[in-house]
Amino acid sequence: MKKFILLALFASILATSAFAASEKNKLGFYLGLPSGISYTRDLGKSADFDVLAGFDFLRTKDFHVYGYGLHARFAPLFKLWSGNLGSIMTGTFSLGPGFGFQLGGDSGTLVVGYSISLPIRFELDFKIPFSLFFETAPGFSHTFVIRSGSGHVPAFYLGGGLGLRFRF
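Under my numbering, the letters of the sequence shown match residues 116 to 283, in that order.
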């Protein structure tokens, strides 16, 4: 019985260390423009694939808010710098092209659109399985009014925010 317990304990330690060594996924919350859920998949030492989905304001050229909607962005982020920042964390600076879409509106108006952005991110990975990041994302969006009139709104914007994610 002792051998079985020791074998089970040894197997669980091996499985835990193998799981910890393969922390390639990060999932958490993002507070900013947009605010929502952030997911990143580590693709190796040089890149990540990032997905951001959340709630955002639909803006005009002069930053006037004319509606609200769902926003999703997909971006390969290339790691430009990564290094130790003391004994409890590492830092990573990355950027890459982002492509997104919006769906929303207000009463009587349906709006769809796309966006092209350049997410610039600084991330702190702690020894515990959490990471904290700050991001700014200048970009261009183009929205189209589907109902209640017609037209389109091209606009430059500056998105960004803070995020906290769990690594697994």
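Backbone N, C-alpha and C fix where the C-beta goes; we use that ideal spot for every residue, glycine too. Predicted, not measured: the structure shown is a model, and the values here were computed from it.
Cβ of residue i within 7 angstroms of any chain B Cβ
i: Ile-231; result: Looking at the structure shown, chain B is missing, and only one protein chain is on hand.
Whether residue i touches residue j by CB criterion (7 angstroms)
i: Glu-238; j: Thr-258; result: no
i: Phe-281; j: Pro-244; result: yes
i: Gly-276; j: Gly-147; result: yes
i: Ile-261; j: Leu-225; result: yes
i: Phe-170; j: Ser-150; result: yes
Enclosing beta strand (DSSP E) for residue i [first to last residue]
i: Gly-276; result: 266–282
i: Ile-243; result: Unbroken run through Ile-243: none, as it is neither H nor E.
i: Leu-210; result: 204–210
i: Gly-147; result: 140–148
i: Lys-231; result: Inspection of the sequence shows that residue 231 is occupied by Ile rather than by Lys. Residues 224–232.
i: Gly-201; result: Here Gly-201 belongs to no beta strand (DSSP E), and DSSP marks it neither H nor E.
Proximal residues to residue i (C-beta, below 7 angstroms), its chain only, five neighbours per side dropped
i: Leu-192; result: Ala-162, Asp-163, Asp-165, Ser-209, Leu-210, Gly-211, Pro-234, Arg-236
i: Leu-122; result: Summary for Leu-122: the model assigns pLDDT 47, below 50, so the residue's position carries little reliability; its value from the coordinates is reported in the next sentence. Answer for Leu-122: no residue qualifies.
i: Arg-156; result: Lys-139, Asn-140, Asp-163, Phe-164
i: Leu-279; result: Gly-143, Phe-144, Phe-245, Leu-247
Nearest-angstrom beta carbon gap, residue j and residue i [assumed within contact, 8 angstroms]
i: Gly-213; j: Ala-252; result: 6 angstroms
Residues near residue i by beta carbon distance below 6 angstroms, same chain, minus five either side
i: Pro-269; result: His-257
i: Lys-242; result: Ile-203
i: Asn-291; result: Lying before the first or after the last residue shown, residue 291 is absent from the chain, which here runs from 116 to 283.
i: Ser-232; result: Gly-213, Ala-252, Gly-254
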